[in-house]
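In order, the protein sequence lines correspond to chains A and B. My numbering puts the first residue of the first sequence at 606, with every later residue one more than the last. My numbering puts the first residue of the second sequence at 606, with every later residue one more than the last. Some notes on the structure that comes next.
2 protein chains.
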Amino acid sequence: MSRRIAVLGLGAMGLQMASWLAKSFDVVGYDIAAERVALADKEGVASATSAKEAADGADLVLVAVRNRAQLDELLYGADGIAEVMKKGSAIILTSTIGIAPVEEVAVQLAEQGIGLVDAPVSGGPARAGKGDLLVTVGAYETEYEFAKPVLDAMASTLVWVGKAPGKGQSMKTVNQLLCGIHIAAAGEALALAGKLGLDQTVALEALMSGAAASFMLGDRGPRAIQADNGEEAEVKSRLDIFVKDMGIVTDAAKSVGMAVPVAAAAEQEYLLGFARGQAAMDDSSVIRVVSPEDRA
Amino acid sequence: MSRRIAVLGLGAMGLQMASWLAKSFDVVGYDIAAERVALADKEGVASATSAKEAADGADLVLVAVRNRAQLDELLYGADGIAEVMKKGSAIILTSTIGIAPVEEVAVQLAEQGIGLVDAPVSGGPARAGKGDLLVTVGAYETEYEFAKPVLDAMASTLVWVGKAPGKGQSMKTVNQLLCGIHIAAAGEALALAGKLGLDQTVALEALMSGAAASFMLGDRGPRAIQADNGEEAEVKSRLDIFVKDMGIVTDAAKSVGMAVPVAAAAEQEYLLGFARGQAAMDDSSVIRVVSPEDRA
Chain A
606 MSRRIAVLGL GAMGLQMASW LAKSFDVVGY DIAAERVALA DKEGVASATS
656 AKEAADGADL VLVAVRNRAQ LDELLYGADG IAEVMKKGSA IILTSTIGIA
706 PVEEVAVQLA EQGIGLVDAP VSGGPARAGK GDLLVTVGAY ETEYEFAKPV
756 LDAMASTLVW VGKAPGKGQS MKTVNQLLCG IHIAAAGEAL ALAGKLGLDQ
806 TVALEALMSG AAASFMLGDR GPRAIQADNG EEAEVKSRLD IFVKDMGIVT
856 DAAKSVGMAV PVAAAAEQEY LLGFARGQAA MDDSSVIRVV SPEDRA
Chain B
606 MSRRIAVLGL GAMGLQMASW LAKSFDVVGY DIAAERVALA DKEGVASATS
656 AKEAADGADL VLVAVRNRAQ LDELLYGADG IAEVMKKGSA IILTSTIGIA
706 PVEEVAVQLA EQGIGLVDAP VSGGPARAGK GDLLVTVGAY ETEYEFAKPV
756 LDAMASTLVW VGKAPGKGQS MKTVNQLLCG IHIAAAGEAL ALAGKLGLDQ
806 TVALEALMSG AAASFMLGDR GPRAIQADNG EEAEVKSRLD IFVKDMGIVT
856 DAAKSVGMAV PVAAAAEQEY LLGFARGQAA MDDSSVIRVV SPEDRA
């Protein structure tokens, strides 16, 4: 592949994706934080001194930003890449920023002949670093095919869920609805188990052996038990990501006239966690919102 | 084993457990509905003409009733078995009736020298019929050991979660909190997927491949999609069971001073389903509570 790829945004996910892709492609990376660029450089990612420099001449620009404001700044701000990107190139947007924003940005980019491949990813940094992500894509066919070699490299599971930008976000929104609820539910379950006098670790094992099992219960359960017992669990995924994502979930539901009471209750728990100062803690710490102070 | 076992309550679960146990033990069964006794008889379960007759002389009485009212009637009603059960015998209570009720009944039975093995089961009738249940037990050691051969036969996973009656119910309560939330969450997710224009079956498959996966999503998902599209899905587990069980969950949480907002939101969805006339439908039909009428 002689295709030239820029990776913009070298945060937890972007750095891992850039490093992995650099093993198979010609990758140049950029981040507004110089120390992130230096980290990527160590992993074999060519560095640029600006977003514009990285995107200039690139066939595909993989974007890993946090939210719509960062995306708008990256595209149209002082160091905005939209004006330097060539016709026929495409942006692979790996971020979860909501359905309507992606649809709007896709229209703007199309006016300049730039494609948008809506490809939000799931799986976390460790899996991003070995091409083991779940990638759900919404894109027109031509652009999907153009980006497919890179998407294939990033994903262990690649699902083309819809033939337009926005459908990847739709799928990710549904995915996050479940993930966000399951983590909050794991918190309620394990806090209740403790309060009812059960051994939480024995309970977790029994729960995972039957119909109560979920991926999130198995993955977050041990860290939730730590958090419930006053320990600081390792931060594998920050709590404030779910403040953002559950906001996207309830907004999306409202936009189509749907009530989602269980998702809304989970959203409130993340907001309560945020208000309690847990934004940068592991998302499993949401258990503390419901955990009684006088736990045994 | 020359131990004599009575199985009282031959509903969906009781009939299957009795039939399975009759392959290895001397089992006599009874139900207030004569047609259920006839069904059990066909499966090799000796029949009795009253609960008292079945329990008289039994070493272990396995009880599969729906709720506390039925249990009280069975123990102390007109055909009440407590007065005929022998000292040193024990009741294996497989029902989910709540923590406090079991603790109270255990005290009453202990006064007569009858043990109570609190052993709520999970897994549904099909698994009950082949000894493939998850059984979480709360019992004193002597009684647990006494009942263990029968519990081992019923269970593929047997967990002795606590050394007193009530602890089995506690564990089951936590289990049901998760199961009830996960089914309601699957409904919200799949209804939202449909409303956002995604193919629900493709979405379900993608969701099950990643962090959004749960046992309930995989098991109930296909039937939820049927229910969302106006079909009558096969009834594998009735919706009103979760009206009862989520009531037990929120009561248990209140009793220990805990808020469980996500479980409470799920409980409301089952109550809404009940109010909409879905009590006897499959529990996956809870999706209809949130599904918009104008779905595409």
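C-beta: ideal position from N, C-alpha, C; glycine also.
Contact with chain A by residue i, beta-carbon distance below 8 Å
i: B/Ala674; result: no
i: B/Pro866; result: yes
i: B/Ser624; result: no
i: B/Ala731; result: no
i: B/Ala885; result: no
Contacts of residue i in chain B (Cβ-Cβ under 7 Å)
i: A/Leu746; result: It should be noted that the sequence gives Glu, not Leu, for residue 746 of chain A. Those within 7 Å of A/Glu746 in chain B number zero; the least Cβ separation is about 16 Å.
i: A/Ile830; result: Per Cβ cutoff of 7 Å: no residues; A/Ile830 is ~13 Å from chain B at best.
i: A/Ala858; result: Leu797
i: A/Ala752; result: Result: empty, since nearest Cβ-Cβ is about 18 Å, beyond 7 Å.
Spatial neighbours of residue i in its chain, beta-carbon cut-off 7 Å, leaving aside the 5 residues before and after
i: B/Leu876; result: Val848
i: A/Ala789; result: Ala871, Glu874 and Val891
i: B/Ala769; result: Gly743 and Tyr745
i: B/Gly718; result: Lys692 and Gly693
i: A/Tyr681; result: Ala687
i: A/Ala724; result: Ile697, Leu698, Thr699, Val740, Val742, Leu756 and Gly773
i: A/Leu620; result: Arg641, Leu644 and Ala645
i: A/Lys841; result: Gly729 and Asp887
i: A/Ala617; result: Pro730
Neighbour list for residue i in chain B, Cβ cutoff strictly below 8 Å
i: A/Gly897; result: A small correction: the amino acid at residue 897 of chain A is Pro; Gly does not occupy that position in the sequence shown. Near A/Pro897 (Cβ distances below 8 Å), the residues of chain B are Val861, Gly862 and Met863.
i: A/Val632; result: The premise fails here: A/Val632 is roughly 25 Å from chain B at the closest Cβ pair, so nothing lies under 8 Å.
i: A/Met690; result: In chain order: nothing, as chain B lies at least about 29 Å away.
i: A/Ala869; result: Ala870
Contact set between residue i and chain A, taken where Cβ atoms lie within less than 8 Å
i: B/Gln873; result: Pro866
Chain-ordered chain A contacts of residue i [CB-CB under 7 Å]
i: B/Met821; result: Ala816
Residue-chain proximity (residue i, chain B), Cβ-Cβ < 8 Å
i: A/Lys735; result: no
i: A/Ile846; result: no
i: A/Ser727; result: yes
i: A/Asn780; result: yes
i: A/Met606; result: Here the model assigns A/Met606 a pLDDT of 47, short of 50, so the residue's position is not dependable, and the following value carries that caveat. No, A/Met606 lies away from the interface with chain B (no Cβ there is under 8 Å from its Cβ).
i: A/Thr741; result: yes
i: A/Ser913; result: In this structure chain A extends from 606 to 901, so residue 913 of chain A is not present and cannot be described.
Sequence-distant residues of its chain with Cβ nearer than 6 Å to residue i (five each side left out)
i: A/Ala816; result: none
i: A/Val894; result: Glu874, Leu877 and Gly878
i: A/Ser761; result: Asp737
i: A/Val722; result: Ala695, Ile697, Ala744, Glu748 and Ala752
i: B/Gly767; result: Gly743
i: B/Gly826; result: Ala791 and Leu809
i: B/Met690; result: Ala660 and Ile719
i: B/Ala869; result: Thr855
i: A/Arg828; result: Ala838, Asp887 and Ser889
i: B/Arg609; result: Asp631, Ala663 and Asp664
Interface partners of residue i on chain B, CB under 9 Å
i: A/Leu783; result: His787, Ala790, Ala791, Glu793, Ala794, Leu812, Ala816, Ala817, Ala818, Ser819 and Leu822
Proximal chain A residues relative to residue i, where beta-carbon distance stays under 9 Å
i: B/Lys772; result: Leu801, Gly802 and Leu803
Beta-carbon contacts of residue i that lie in its chain and below 8 Å, excluding the five residues immediately before and after
i: B/Lys844; result: A small correction: the amino acid at residue 844 of chain B is Leu; Lys does not occupy that position in the sequence shown. Closer than 8 Å at the Cβ level, and outside the excluded window around B/Leu844, lie Tyr875, Gly878, Phe879, Gln883, Ala884, Ala885, Met886, Asp887, Asp888, Ser890 and Val891.
i: B/Ile846; result: Asp888
i: A/Val628; result: For the record, residue 628 of chain A in the displayed sequence is Lys; it is not Val. So the list reads Gly649, once near-sequence residues are dropped.
i: A/Ala901; result: Because A/Ala901 carries a pLDDT of 43, less than 50, the predicted location of this residue cannot be relied on, and the following value inherits that uncertainty. Excluding positions up to five away in sequence, the list reads Gly799, Lys800 and Gly802.
i: A/Ser652; result: Val633, Gly634, Tyr635, Val642, Ala643, Ala645 and Asp646
i: A/Lys735; result: Trp625
i: B/Ala758; result: Trp625, Leu626, Ser629, Phe630 and Gly736
8 Å Cβ cutoff, residue i in contact with chain D
i: B/Val891; result: This model lacks chain D altogether; the protein chains it does include are A and B.
Tell me, please, whether the stretch 778-798 of chain B touches the stretch 859-874 of chain A by the rule of three or more beta-carbon pairs shorter than 8 Å. yes
Could you list the residues in the stretch 791-816 of chain A with a C-beta less than 9 Å from some C-beta on chain B, going in chain order? The stretch 791-816 of chain A vs chain B, Cβ under 9 Å: Ala791, Gly792, Glu793, Ala794, Leu795, Ala796, Leu797, Ala798, Lys800, Leu801, Gly802, Leu803, Asp804, Val807, Ala808, Glu810, Ala811, Leu812, Ser814, Gly815 and Ala816.
Would you be able to state if there are at least three C-beta pairs under 8 Å between the stretch 622-634 of chain A and the stretch 660-671 of chain A? yes
Is it the case that the stretch 639-647 of chain B contacts the stretch 668-684 of chain B, given that we only count it when at least three CB pairs across the two stretches are under 8 Å? no
Taking any Cβ of chain B, which residues in the stretch 754-768 of chain A have a Cβ under 8 Å from it, in chain order? Thr762, Val764, Val766 and Gly767
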